[in-house]
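**Student:** Got a structure here, written out as structure tokens. Questions coming.
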Amino acid sequence: MVSSSQAKPIADRLNQIQQTLPASVRLIAVSKQVSTEAIRLAYEAGVRDFGESRIQEVAEKQAALHDLADITWHLIGHLQSNKAARALDYFQWIHSIDSLKLAEKLNQLAIDRPVKPNVLLQVKTVT
Numbered sequence: 015m016v017s018s019s020q021a022k023p024i025a026d027r028l029n030q031i032q033q034t035l036p037a038s039v040r041l042i043a044v045s046k047q048v049s050t051e052a053i054r055l056a057y058e059a060g061v062r063d064f065g066e067s068r069i070q071e072v073a074e075k076q077a078a079l080h081d082l083a084d085i086t087w088h089l090i091g092h093l094q095s096n097k098a099a100r101a102l103d104y105f106q107w108i109h110s111i112d113s114l115k116l117a118e119k120l121n122q123l124a125i126d127r128p129v130k131p132n133v134l135l136q137v138k139t140v141t
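Counting from 15, one number per residue, gives the positions in the sequence shown under this note's numbering.
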């Protein structure tokens with residue numbers, strides 16, 4: 015549990031960071047292995063974007079934080095193709111699409127979904 019004495023410095027630091035960012039930059043708080051209480055604290059400090067790397071963990075957090083409707087969840091790290099369908103169930107953003115095969119699979123899975131995922135492609139620029 016996050017105490018109020020711990021909460022204020024965290025909230026103050028998050029607010030300080032957000033004030034230095036241009037409006038076009040989104041702060042994504044990496045919340046993997048972080049309690050839902052800490053996520054709620056960050057939310058109360060104005061953070062709306064949270065990054066997770068495990069589908070099971072984000073599923074549990076989403077259930078616990080269902081009252082915070084405007085959270086945006088980001089899948090960070092490698093996505094295995096066998097977990098692509100479940101990723102679409104839980105994440106609005108999928109980072110690090112690192113293969114054409116995975117991009118094609120996500121595209122095929124997303125065709126019949128009402129909400130399309132946002133994806134970031136990982137491109138190797140040096141051979």
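Backbone N, C-alpha and C fix where the C-beta goes; we use that ideal spot for every residue, glycine too.
(1) Reducing DSSP to helix, strand and coil, say where Val129 ends up.
(2) Between the C-alpha atoms of Ala98 and Arg62, what's the straight-line distance to the nearest angstrom?
(3) Near Ile53, what residues of its chain come up, given a Cβ to Cβ distance below 7 Å and the 5 sequence neighbours on each side ignored?
(4) Would you decide whether Val39 is buried or exposed? Buried here means 16 or more other CB atoms lie within 10 Å of its CB.
(5) Please confirm whether Ile111 and Ala117 have their CB atoms less than 8 Å apart.
(6) If you compare alpha carbons, which of Ser113, Val140 and Leu102 is closest to Ala73?
(7) Based on the DSSP output, what are the partners of Ile53 in its beta bridges?
(8) Exposed or buried, which one is His109 when buried takes at least 16 other CB atoms within 10 Å?
(9) Using alpha carbons as the reference points, say which of Gly60, Pro36, Ser49 and Leu82 lies closest to Glu71.
(10) What number of angstroms, rounded off, separates the C-alpha of Ala25 from the C-alpha of Glu51?
(11) Tell me whether Leu89 is buried or exposed, calling it buried when 16 or more other Cβ atoms sit within 10 Å of its Cβ.
(12) Would you report the Cα separation of Phe105 and Thr141, rounded to the nearest angstrom?
**Tutor:** This is what the structure holds:
(1) coil
(2) 23 Å
(3) Ser45, Phe64, Lys75 and Leu79
(4) It is exposed - the Cβ of Val39 has fewer than 16 other Cβ atoms within 10 Å.
(5) Yes. Within cutoff.
(6) Leu102
(7) Beta-bridge pairing links Ile53 to no other residue.
(8) Counting every other CB atom within 10 Å of its CB across the protein chains shown gives His109 a total of 16 or more, marking it as buried.
(9) Ser49
(10) 13 Å
(11) buried
(12) 31 Å
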